[in-house]
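Enquirer: So for the sequence shown, this note's numbering puts the first residue at 42; every next one is plus one. Glycine included, C-beta positions come from ideal geometry on N, C-alpha and C. On a predicted model such as this, the values are computed, not experimentally measured, just so you know.
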Amino acid sequence: METVYELRIYHAAPGKLDELLARFRDHTDKIFARHGMKSVAYWTPVDEPQKGNTLIYILQHPSRTAATENWKAFQDDPEWKSVKAKSEENGKLAEKVDSTYMSLTDFSPRLGS
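Written out as structure tokens, the structure is:
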């Protein structure tokens, strides 16, 4: 099995970035861990036009197949369903999510496991 990394970019709905960050901080990250999804790091851009409306993060999965299974388990998690519904009572927090799966090159520094 080859470890894969998933680059995810969330384009927040107008005025919703703080709520999106709070959902990750308070709930999502813990639920990810429960489903074998290791958070590598989270970032917010410092320059316009992404500043104030974008969350970027990387997840580590044991394999590409595991990533698919992890996401299915996450989406089906009752706690996630509840958190998502409650956080989106006044509208969606993200307008769009981009996802790219990646593998480390042979010359890349190794990331902690």
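With a threshold of 6 Å on Cβ separation, who are the neighbours of M78 within its own chain once the five nearest residues in sequence on each side are excluded?
Expert: Position 37 of the sequence shown, counting from 1, holds the residue named residue 78. Counting only Cβ-Cβ distances below 6 Å, and skipping sequence neighbours, we find L100, N111.
Enquirer: With a threshold of 8 Å, are at least 3 pairs of Cβ atoms found where one atom belongs to the segment 44-60 and the other to the segment 128-141?
Expert: The segment 44-60 vs the segment 128-141: in contact.
Enquirer: Using only alpha-carbon positions, find the residue among S104, V87, A108 that is nearest to T44.
Expert: Stepping through the sequence shown from its first residue, residue 44 is reached at position 3. For T44, the nearest C-alpha among the options comes from S104.
Enquirer: Which of the three DSSP states is assigned to H68 in this structure?
Expert: As a position in the sequence shown, residue 68 is number 27, starting the count at 1. H68: helix per DSSP, three-state reduction.
Enquirer: Count the other CB atoms within 10 Å of the CB of L96; is the residue buried (16 or more) or exposed (fewer)?
Expert: As a working note, residue 96 is residue 55 in the sequence shown. Answer is buried; the Cβ neighbour count reaches 16.
Enquirer: Please report the straight-line C-alpha distance between Y98 and E120, rounded to a whole angstrom.
Expert: Taking the sequence shown and counting its residues from 1, the one referred to as residue 98 is at position 57. Taking the sequence shown and counting its residues from 1, the one referred to as residue 120 is at position 79. If I take the Cα positions, the gap works out to 21 Å.
Enquirer: Quick check on this structure: which residue in H102, L152, E129, F73 has the alpha carbon closest to the alpha carbon of F115?
Expert: Residue mapping note: residue 115 aligns to position 74 of the sequence shown, counting from 1. Per the Cα distances, F73.
Enquirer: Determine the contact status of R49 and V138, defining contact as a CB-CB distance below 8 Å.
Expert: Along the sequence shown, read from residue 1 onward, the residue named residue 49 stands at position 8. Along the sequence shown, read from residue 1 onward, the residue named residue 138 stands at position 97. The answer is yes: Cβ separation under 8 Å.
Enquirer: How is the beta strand (DSSP E) around Q101 delimited, first residue to last?
Expert: The residue labelled residue 101 in the question sits at position 60 within the sequence shown. First-last of the beta strand (DSSP E) with Q101: 95-102.
Enquirer: Give, in chain order, every unbroken run of the beta strand (DSSP E) that is at least 3 residues long and sits entirely within the segment 86-146.
Expert: With a minimum length of 3 residues, the continuous beta strand (DSSP E) runs that stay inside the segment 86-146 are 95-102, 135-143.
Enquirer: Does the Cβ of S128 have 16 or more other Cβ atoms within 10 Å, making it buried, or fewer, making it exposed?
Expert: In the sequence shown, counting from the first residue as 1, residue 128 sits at position 87. Buried is the call here.
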